[in-house]
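Below is one structure, written out as structure tokens; the observations come after it.
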Amino acid sequence: MARVVKVIRTLRNHWKKSTFAACVLSYGGHWLYGKHCDNVLRREACIEARVRKANNLFEKNAAPILHLAGVEVKIVKTDYEGQAKKLMELMEQTDMLIIAGGDGTLQEVITGLLRRTDEETFSKISIGFIPLGSKNSLSQSLHLVSDNKAQHITSATLSILKGETVPLDVLQIKGEKEPVFALLGLRWGAFRDVASSISKYWYLGPLKTRAAHWFSTLKEWPQIHQASLSYLAPVPQPPDLPIEKPPRPNLLFRIYRRLQNYWNSPIEVPPKEPEQWENKDISTVELSVITHNNNPIKRRVDDSMLITLEPDSLTIGQFVTEGTKKAVDPVQSIENALHIEASAACLNLPKEGAGYYDIDNEEYEAMSVEVRLLPRKLRFFCSPQRKEQLAQAH
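So that you can map any letter, position 90 of the sequence shown is 100 in my numbering, and since no number is skipped, the others follow by simple counting.
Quick look at the structure:
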């Protein structure tokens, strides 16, 4: 009580200064609120402009090709973030699914598709991807990439009509909430955090990327992320199944086989061996878990995903230099990084201050998760020319 009386007495004795300070604070608060409202309006306007641009690109470059080819297309447009997941719950059986958008739209549709109770049926539908977003990371694995936006879109649309497909792996990421599915991968760490802030330094032009990494080291250094990692070894890839189904046996043979199965004792299935998890405490600048979908044509001995742990011994100069490179190509790893091939992984993070994940370039709150590989889960339409290029790159 005495302290409150003292404050009141001080304000009364210095009423001019108190009045001036109150006016300044009031004006400053009003100014900051106005700036916040302006930023919200600008963001909404940019989102609206981006949506309109994507709609125009689709209507001008993709829709005419699909209609001229005689494809019956039902177009469903999304109006807000997360709507694509809900729409996939209502989708009825279809011959093909075409996703026109960027990484965010693609990730939402895949997640909504694989969350369905009947996902085993719907995951067999061939999927086409038409790149309309600001980030179209999967496009370089499926289509011939061009600086000409119209040419890129028309090439992707034509690849759907040609019917060539490739199988893609999917990552199933389970946390406390519903599972999320990814085609590219997951990132967690300092380089990801800085990449999300680069746009704030737009006024520095070509120096904004280096500046963002430099300023981040002034706020906190070293930027080390610690966690516990458990992982399973890769699983041998099964042989390819024949594309054509063998002819059905005649009636007499089927009757004989059923009688044989009836009279013979059932074959005992050997007990399944328990999974052998490897445990490791990690200290890293950044952790990433990525698929091998950058080249889906390449034949591999094992089904696996790649876990990369960037070294925690970087100097500030190395952090700025390597971070600038990773801002252009996030998959590129540092020279002394640790690489682990695995079929599943459990990442246990601290409960507080874990930051955020990037899952297929979309931001999610970081938490302890299990990441499991679903090999060759989905089939995407691919350009025959791009397929040939990837085959030659073996």
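Yeah, the Cβ is synthetic: ideal placement off N, Cα and C, and Gly gets one too.
From the options, residue whose alpha carbon lies closest to that of residue i
| i | options | result |
| --- | --- | --- |
| R382 | L316, R126, T325, P360 | L316 |
| G143 | Q270, K159, N271, G112 | G112 |
| V341 | T325, E362, I369 | I369 |
| T164 | F201, P246, A72 | A72 |
| L193 | I326, G333, I75, E118 | E118 |
| L124 | K184, H77, L148, K229 | K184 |
| D9 | G327, P248, D89, V330 | Residue 9 is absent from the structure shown; the chain starts at 11 and stops at 404. |
| D128 | V155, L100, S151 | L100 |
| L148 | P394, Q93, Q402, F390 | F390 |
| T104 | L261, S136, N66 | S136 |
| K397 | P177, H77, N358 | P177 |
| E380 | A352, A403, A401 | A352 |
| E91 | G122, K70, L67, N66 | G122 |
| L388 | I344, T131, K336 | T131 |
| P306 | Q399, V295, Y366 | Q399 |
| A364 | P257, H235, D157, P259 | H235 |
| M106 | A160, G138, K70, P257 | G138 |
| V81 | Q93, M98, I108, N66 | I108 |
| P141 | K335, K159, R258 | K159 |
| K308 | Q402, L297, K87, R258 | Q402 |
| E409 | V190, L348, G215 | Here the chain comprises residues numbered 11 to 404, so residue 409 is not present and cannot be evaluated. |
| R197 | L384, Y366, P385 | Y366 |
| N371 | L239, N146, I85 | N146 |
| F329 | L359, R268, Q233, D157 | Q233 |
| G70 | I292, H162, I120 | With the sequence shown as reference, residue 70 is identified as Lys, and Gly is not the correct amino acid for it. Of I292, H162, I120, the residue nearest in Cα terms is H162. |
| T334 | Q395, V86, R220 | R220 |
| S238 | D291, W224, F225, P257 | D291 |
| G199 | V295, E362, L262, I265 | V295 |
| S133 | E102, D157, G114, T115 | E102 |
| R126 | G114, L116, T115, M98 | M98 |
Same chain only: Cβ atoms within 8 angstroms of residue i, ignoring 5 sequence neighbours per side
| i | result |
| --- | --- |
| A55 | Confidence in A55 is poor, its pLDDT being 41 and thus under 50, which makes the residue's placement too unreliable to answer from. |
| I75 | T164, T167, L168, L171 |
| S393 | L152, H153, L154, S165, A166, L168, S169, K172, E174 |
| N303 | L148, S151, L178, D179, L193, L194 |
| I120 | V180, F191, A192, L193, L388 |
Opposing strand residues paired with residue i [DSSP bridges]
| i | result |
| --- | --- |
| M106 | S136 |
| T175 | F391 |
| S226 | BP columns for S226 are empty, so no partner. |
| S298 | R197, T318 |
| V180 | L384 |
| D312 | P246 |
Chain-order list of residues whose beta-carbon lies under 7 angstroms from that of residue i (same chain, five-residue window excluded)
| i | result |
| --- | --- |
| E285 | L242 |
| K218 | I208, Y211, W212 |
| R52 | Reliability fails at R52, whose pLDDT of 46 lies under 50, so the model's placement of it is uncertain and no value is given. |
| T301 | D179, L181, L193, L194, G195, M315 |
| E415 | Absent from the structure is residue 415, since the part of the chain shown begins at 11 and ends at 404. |
| A222 | V204, S207, I208, Y211 |
| A79 | L171 |
| A110 | F68, A72, I140, L142 |
| L384 | D179, V180, Q182 |
| Q326 | Note that residue 326 is Ile in the sequence shown, not Gln. Within the same chain, I326 has close Cβ partners T227, W231. |
| K336 | F201, Q342 |
| V245 | D312, D313, S353 |
The alpha helix (DSSP H) enclosing residue i, as first and last residue numbers
| i | result |
| --- | --- |
| E82 | No alpha helix (DSSP H) contains E82, which DSSP labels as neither H nor E. |
| S149 | 149-152 |
| P411 | Here the chain covers residues 11 to 404 and nothing more, so residue 411 does not appear. |
| T121 | 113-124 |
| Y272 | 261-273 |
| P256 | Where P256 is concerned, there is no enclosing alpha helix (DSSP H), given that its DSSP letter is neither H nor E. |
| T88 | Segment: none, T88 is in no alpha helix (DSSP H) and carries neither H nor E. |
| P74 | 73-78 |
| K145 | No alpha helix (DSSP H) contains K145, which DSSP labels as neither H nor E. |
| K95 | 93-100 |
Bounding residues of the beta strand (DSSP E) (the contiguous stretch that carries residue i)
| i | result |
| --- | --- |
| K290 | 288-294 |
| A352 | 348-352 |
| Q236 | 235-242 |
Contact set for residue i: own chain, Cβ-Cβ below 6 angstroms, skip 5 residues either direction
| i | result |
| --- | --- |
| A354 | L242, R382 |
| P216 | none |
| T318 | S298, S343, A347, H349 |
| R386 | P177 |
Extract the residue ranges of the alpha helix (DSSP H) inside the region 184-221, only unbroken runs of 4 or more that lie entirely within it. Residue ranges of uninterrupted alpha helix (DSSP H) with 4 or more members, entirely inside the region 184-221 and ordered along the chain, are 200-205.
Report the residue ranges of all alpha helix (DSSP H) runs contained in full by the region 314-400; include only those spanning at least 4 residues, in chain order. Correct list: 326-338.
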